[in-house]
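One structure is given below, encoded as structure tokens.
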Amino acid sequence: MVVVEQIKSQKIHGCQILETVYKHSCGGLPPVRSALEKILAVCHGVMYKQLSAWMLHGLLLDQHEEFFIKQGPSSGNVSAQMEEDEEDLGIGGLTGKQLRELQDLRLIEEENMLAPSLKQFSLRVEILPSYIPVRVAEKILFVGESVQMFENQNVNLTRKGSILKNQEDTFAAELHRLKQQPLFSLVDFEQVVDGIRSTVAEVCLLSHILPEEMSL
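Residue numbering for the sequence shown follows the working numbering, starting at 166 and increasing by one per position.
Structure follows, in structure tokens:
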């Protein structure tokens with residue numbers, strides 16, 4: 166199979182395998198495409214295992230540098246990966262890129278306010294599959310960093326509670342549901358990521374507001 170030879174010859178690994186298999190699965194004869202889609206589903210299983218550890222527990226299980234999140238500063242050109250369609254979307258005359266820039270500014274401001282001590286981790290954009298937008302990967306990055314920071318604060322301050330508001334099992338079930346899907350759905354994927362992120366952001370915000378109010 167061509168895809169196997171390409172992976173071997175180019176020494177493709179980690180999330181780059183997802184991208185390679187995905188591109189080959191977009192064309193070709195139906196039997197070949199079906200086989201590649203099944204292979205891609207198995208590969209996604211590994212990604213969801215890493216996602217669960219990162220988003221639910223703040224753990225980066227990536228001994229072989231296969232995940233699209235890494236410890237340390239970013240070495241990739243994130244802005245180049247985030248270019249969107251310039252066509253008018255019909256929303257106030259704004260283009261897709263302009264809308265994305267406004268959303269990114271809002272997310273950056275919110276995340277800087279909620280977790281200013283983060284940025285210990287970054288995206289490995291060079292291996293991020295093209296069908297997972299950087300905006301979604303940034304949300305995943307924020308969630309894992311926030312979970313890790315909150316857990317560390319709980320240990321240091323002997324506080325009780327969970328940043329996921331004891332919804333770990335619910336979110337784990339949602340990620341497992343995505344894992345069982347035969348085909349990757351960005352809509353479903355982003356909805357689950359947004360749900361986890363909203364919960365994390367809410368707890369982060371409260372953890373900043375309550376101490377300030379108590380000190381007044």
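In this text, a Cβ means the ideal position worked out from N, Cα and C, and glycines have one as well. Every value quoted in this text rests on a predicted model; they were computed, and no experiment measured them.
Legend entry - Spatially closest choice to residue 362 from 302, 338, 343 and 341, by CA coordinates: Measuring from the Cα of residue 362, the nearest candidate turns out to be 302.
Inset, instruction - Note the first and the last residue of the continuous beta strand (DSSP E) segment covering residue 236. - result: Element bounds for residue 236: 234 to 236.
Legend entry - Residues of its chain near residue 295, where Cβ-Cβ distance is below 7 Å and the 5 sequence neighbours each way are ignored: The residues are 184.
Legend entry - Residues sharing a beta bridge with residue 384, DSSP: In this structure the chain extends from 166 to 381, so residue 384 is not present and cannot be described.
Inset, instruction - Mark residue 209 as exposed unless 16 or more other C-beta atoms lie within 10 angstroms of its C-beta, in which case mark it buried. - result: Buried, since its Cβ has 16 or more Cβ neighbours within 10 Å.
Inset, instruction - Find the nearest neighbour of residue 235 within the set 191, 202, 291 and 338, judged by alpha-carbon distance. - result: The shortest C-alpha separation from residue 235 is found at 291.
Legend entry - Touch test, the stretch 305 to 315 against the stretch 209 to 223, Cβ-Cβ under 8 Å, three pairs minimum: Contact check between the stretch 305 to 315 and the stretch 209 to 223: three or more CB pairs, one atom from each, fall below 8 Å, which counts as touching.
Legend entry - Start and end residues, alpha helix (DSSP H) containing residue 296: Membership of residue 296 in any alpha helix (DSSP H) is not indicated, and neither H nor E is assigned to it by DSSP.
Inset, instruction - Compute the Euclidean distance between the alpha carbons of residue 169 and residue 370, then round it to the nearest angstrom. - result: So the two alpha carbons sit approximately 47 Å from each other.
Legend entry - Cut-off 6 Å between Cβ atoms - residues of its own chain near residue 204, not counting five sequence neighbours on either side: Apart from the 5 residues on each side of it in sequence, residue 204 sits with its Cβ closer than 6 Å to the Cβ of 186 in its chain, given in chain order.
Inset, instruction - Return the residue from the list 176, 174 and 167 that minimises the CA-CA distance to residue 188. - result: Considering only alpha carbons, the answer is 167.
Legend entry - Nearest to residue 201 (by Cα), restricted to the options 215, 190, 305 and 207: Comparing Cα positions, the closest option is 190.
Inset, instruction - Leaving aside the five residues before and after residue 181 along the sequence, list all residues of the same chain whose C-beta is less than 6 Å from its C-beta, in chain order. - result: Short of 6 Å from the beta carbon of residue 181, and not among the five residues preceding or following it, lie these beta carbons of its own chain, in chain order: 292.
Legend entry - Cβ shell of residue 215 (< 7 Å), same chain only, five flanking positions each side left out: So the qualifying residues of the chain are 226, 227 and 232.
Inset, instruction - Classify residue 178 as helix, strand or coil using the three-state DSSP reduction. - result: Looking at residue 178 - three-state DSSP - the assignment turns out to be coil, as it is neither helix nor strand.
Legend entry - Alpha carbon of residue 354 to alpha carbon of residue 174, nearest angstrom: Between the alpha carbons of residue 354 and residue 174 lies a gap of roughly 31 Å.
Inset, instruction - Use the C-beta contact count for residue 306: other C-beta atoms within 10 angstroms, 16 or more gives buried, fewer gives exposed. - result: Residue 306 is buried by the Cβ-count criterion.
Legend entry - Exposure of residue 368, with buried meaning 16 or more beta-carbon neighbours within 10 Å: So residue 368 counts as buried.
Inset, instruction - Counting only the same chain and skipping the five closest in sequence on each side, list residues whose C-beta sits under 7 Å from that of residue 330. - result: Within the same chain, residue 330 has close Cβ partners 364 and 368.
Legend entry - Status (buried if at least 16 other CB within 10 Å, exposed otherwise) for residue 351: Flag for residue 351 reads exposed.
Inset, instruction - Determine the direct distance from the alpha carbon of residue 304 to that of residue 332, and round the result to whole angstroms. - result: When the Cα atoms are used, residue 332 and residue 304 turn out to be separated by approximately 18 Å.
Inset, instruction - Please work out which residues of its chain come closer than 6 Å, Cβ to Cβ, to residue 238, disregarding the five sequence neighbours upstream and downstream, and give them in chain order. - result: Excluding positions up to five away in sequence, the list reads 287.
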